[in-house]
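Numbering (the numbering used here) for the sequence shown: -3 to 689.
The structure appears right after this line, and notes come after that.
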Amino acid sequence: MDTAFKKSFPNDKQQFSWDHMTMGVCYYPEHWDENLWADDLARMKESGISVIRVAEFAWSKIEPAENEFDFSFFDRFLNLCLEQKMNVIFSTPTATPPAWLTEAHEEVLNARMDGVLYRHGCRKHYNYNSPVYQDYCRKIVTQSAMHYGPHPAVIGWQIDNELNCELRDFYSEADDTAFRAFLQEKYETLNALNQAWGTVFWNQTYTDWKEVHLPRLTPAQGVNPHMKLDYCRFLAESTFRFCKMQADILRRYIKPGDFITTNGMFSHIDNHRMTKECLDIYMYDSYPNFAFGLGTQPDKDPLCDRWNSKNQNEVRSICPHYGIMEQQSGAGGWTARMEGPAPRPGQLTLWAMQSVAHGADFISFFRWRTCTFGTELYWHGILDYDNRENRKLREVKDFYTKFQTLSPLCNADYVSSFGLLKDYDNIWDMEADIWHERIASYSDNEIFAGAELSNLPYDVLYLQKDSTLSELTRYPVLLYPHPLIMSKERAALLRAYVEQGGTLILGCRSGLKNTYGICEMLPQPGLLQELTGTDVRDFTYTSPAEEDIYADWNGSRLSMPVFNDVLTPLPGTDVLARYANGYYAGEAALTEHRMGKGRTLHLGSAFSRESLPGLLHYAGVVSPFAELIEADGRDVELTLRRKDGRSFLFALNFRPAEITFVLKKKMRFLYENREVSGGQTLPAFGTAVYEVL
Ligand code: GAL
């Protein structure tokens, strides 16, 4: 195969990483006349594309009828790839079960909450728990892996496509049965389940396991919140098992050195556990314009589609050197939903560079050519229907040239200034609890905006059952905005972090609930009280009818949005700021409590883009860019990647206008291999990458 292609399996967090900057594209041989294949592959190679992802929706090309396997189609295609030295990521086609299967076995289909089945005709219409579907999947995955696993053109495998995309809720009969089994394993007795779900409330007490079901249609969306929390955990477990089932089969047949991946990122999945236990590398599908609104309107939102960086932070936490399986290259749109503009000149490169800036060393564009038929006929690829050279292909080629100049930073680590703690229990509890959701979503967005606008990059760190103190102590400052759900184990881990010298920042409502989502009958912040040294005796939503609530922090104004915990300092706790208005004016709003070598800051509200920089500054966080560049965070996204003592600075302009900044040190502008310093300009949607000299 292509000898330039080498791979390595560096550590146990991530088993696979690229050893050079690699460009790919998604290709669908089944969409095109076979006469086009050779020309397509040749043009891809000419443009710098050395990897293609195929087959994720092509079940019927391999098993056109039950148990009739026909490998001739992909044999022809893969042999052509081999001739043209094109590397292939082959996919398991389980995202689209064929019509012969769904017609014969309705039980493989997913259902709406009211039981109506999702039918054949779109994609992702199956459920993970049907034993019948699992059998068919095992068969197609085994057959594909046995046949294509040894193929020399194949370098890796994608499992399914975007697990939990389109549908992230599952209500089929098979799911109902599996949910009951999941609960029986977890609680063992009905009594324990009744306790954990507080079923005595509104007479929900279960007297027989057969009465226990998935959340169903109830008046006023009044689903039991504790049940909903377990339902989210169940969905994550189901997705995990489905992925693991496929990964275990693939492992038996793939060539040594080939990798297993899947693409995401969607909810109701524990992506961290899935990656750790099933995959060698995680891939993200990056559609900045799709996820973050239509177009670029800096006067309405200075961050524009830079918001996509928030997702990249999340992906990096799953897998530090992730890949991009689908990088947006054209306008987005299905025929019946979603409309999006074409990337403006420069934006295609900008979006791809943002992925590289965060840690991706593999960029695969979606897709080579726009399909001329089907639901996605407006989801544009690099080439348009007419198959002619166009500005997008020219930009892909230009991106490739730039991308290659970045080879010294392949595998370099992203540099952050603080850690943002999260956990799946709290994320899923938000779905059952709109009070929780309103506070935590507000803070999550504002923390991102505040950090971006003040050039304070952060890593996201998910607390898992097996999280260790050494993962936490890599960050001198950790922000855990609103851990409403808190367990004894987690509280002990946080305490150990603080005692050894860490600074922990907590917001309102911390420590309110146990792991079932039940409120603790303890003074708040419950299990965290030892750490915060505060007592919450009164609390309220801020009222939209009243003025904005703020606190006085040594004469400056500290915004206290959304929800206010009125803090009472316990002995030994310092009050840093006091509420300046509201009926609790004069009470503590921000406190500091020392324990061991560290301290906990407790803010009695949600976090805002205004309050964040001051809090982080007080906690000792410094921008890693301070010595390197003078740039306005509103104008430019900065990131830093570091490897073997070498530092690489990315500057990304998401605005439709030229911007300027000043490099404080001598640097090498990698695209042009020349030394620069002092004032620089970036054109509209421009990017630059510098090595610090
Ligand atoms: C992704 C998906 C692709 C394609 C693309 C555009 O979610 O993986 O198959 O559908 O979006 O809609």
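The C-beta atom is built at its ideal place from N, Cα and C for all residues, glycine as well.
Note that the structure is a prediction, hence the values are computed from the model and not measured.
Quiz item: Residues near the ligand GAL, CB to any non-hydrogen atom under 6 Å, in chain order?
Solution: Asn157, Glu158, Cys161, Asp281, Glu322, Phe362, Glu372 and Trp375
Quiz item: Closest to Pro652 by CA distance: which of Asp628, Ser351, Pro221 and Leu678 is it?
Solution: Leu678
Quiz item: What did DSSP end up calling Phe358 once you bin it into helix, strand or coil?
Solution: strand
Exercise. Could you tell me the distance, in whole angstroms, from the CA atom of Thr564 to the CA atom of Ala573?
Key: 12 Å
Quiz item: Closest to Asp71 by CA distance: which of Phe559, Ala141 and Arg595 is it?
Solution: Ala141
Quiz item: In angstroms, rounded to a whole number, what distance separates the CA positions of Pro316 and Tyr410?
Solution: Counting only the Cα atoms, Tyr410 lies some 8 Å from Pro316.
Quiz prompt | Residues that Asp297 bridges to, as DSSP identifies them | solution = Secondary-structure assignment with DSSP links Asp297 through no beta bridge to anything.
Quiz prompt | C-beta atoms of Gly498 and Leu468 nearer than 8 Å | solution = Against a cut-off of 8 Å, the Cβ pair of Leu468 and Gly498 comes out as a contact.
Practice problem: Go ahead and label Arg637 buried or exposed: buried means 16 or more other beta carbons lie within 10 angstroms of its beta carbon, across all protein chains shown. | Solution: buried
Quiz item: Excluding sequence positions up to five away, which residues of its chain have a Cβ less than 7 Å from the Cβ of Asp548?
Solution: The residues are Ala573, Arg574 and Ala576.
Quiz item: So what does DSSP say about Gln460, is it helix, strand or coil?
Solution: coil
Quiz item: For the beta strand (DSSP E) that contains Glu687, what are its first and last residues?
Solution: Thr683 to Val688
Practice problem: Using 10 angstroms around the beta-carbon of Ile430, count the other beta-carbons present and answer buried if the total reaches 16, otherwise exposed. | Solution: exposed
Quiz item: What are the boundary residues of the beta strand (DSSP E) that Ser552 is part of?
Solution: Ser552 to Ser555
Quiz item: Where are the beta strand (DSSP E) runs, 3 residues long or more, that stay fully inside the segment 394 to 442, in chain order?
Solution: Segments of the beta strand (DSSP E) lying fully in the segment 394 to 442: 414 to 418.
Quiz item: Can you name the start and end residues of the beta strand (DSSP E) that Gln324 belongs to?
Solution: Gly319 to Gln324
Quiz item: Hey, is Gly355 close to the ligand MG, as in C-beta under 7 Å from one of its heavy atoms?
Solution: Looking at this structure, you won't find the ligand MG anywhere; what it does contain is the ligand GAL.
Quiz item: Residue ranges of each beta strand (DSSP E) run of no fewer than 3 residues wholly in the segment 39 to 103, ordered along the chain?
Solution: 47 to 50 and 83 to 87
Quiz item: Less than 8 Å separating the beta-carbons of Cys504 and Ile435?
Solution: yes
Exercise. Output yes or no for whether 8 Å exceeds the beta carbon distance between Leu225 and Asp425.
Key: Taking 8 Å as the cut-off, the beta carbon of Leu225 is found closer than this to the beta carbon of Asp425.
Exercise. Compute the Euclidean distance between the alpha carbons of Arg365 and Glu52, then round it to the nearest angstrom.
Key: 16 Å
Quiz prompt | Gly522 to Asp534 span [Cα, whole Å] | solution = 14 Å
Quiz item: Can you give the beta carbon distance from Ile443 to Phe603, rounded, assuming they're within the 8 Å contact cut?
Solution: 5 Å
Practice problem: Might you give, ordered along the chain, the residues of its own chain that have their beta carbon closer than 8 Å to the beta carbon of His354, omitting 5 neighbours on each side? | Solution: Ser305, Gln308, Asn309, Val311, Arg312, Tyr410 and Thr635
Quiz item: Smallest Cα separation from Arg248: which of Leu344, Gly319, Leu163 and Gly145?
Solution: Gly145
Practice problem: Go ahead and pull the three-state DSSP assignment for Asn187. | Solution: Asn187 falls in the helix class under three-state DSSP.
Quiz item: Can you name the residues that DSSP bridges to Asn259?
Solution: Met279
Quiz item: Do three or more CB pairs link the segment 251 to 267 to the segment 176 to 196 at distances below 8 Å?
Solution: Here the segment 251 to 267 does not lie against the segment 176 to 196, with fewer than 3 beta-carbon pairs under 8 Å apart.
Quiz item: Tell me which same chain residues have a C-beta within less than 6 Å of the C-beta of His16, skipping the five on either side of it?
Solution: So the qualifying residues of the chain are Ser403 and Cys406.
Practice problem: Starting from Thr596, follow the beta strand (DSSP E) in both directions and report where the run begins and ends. | Solution: Gly594 to Leu599
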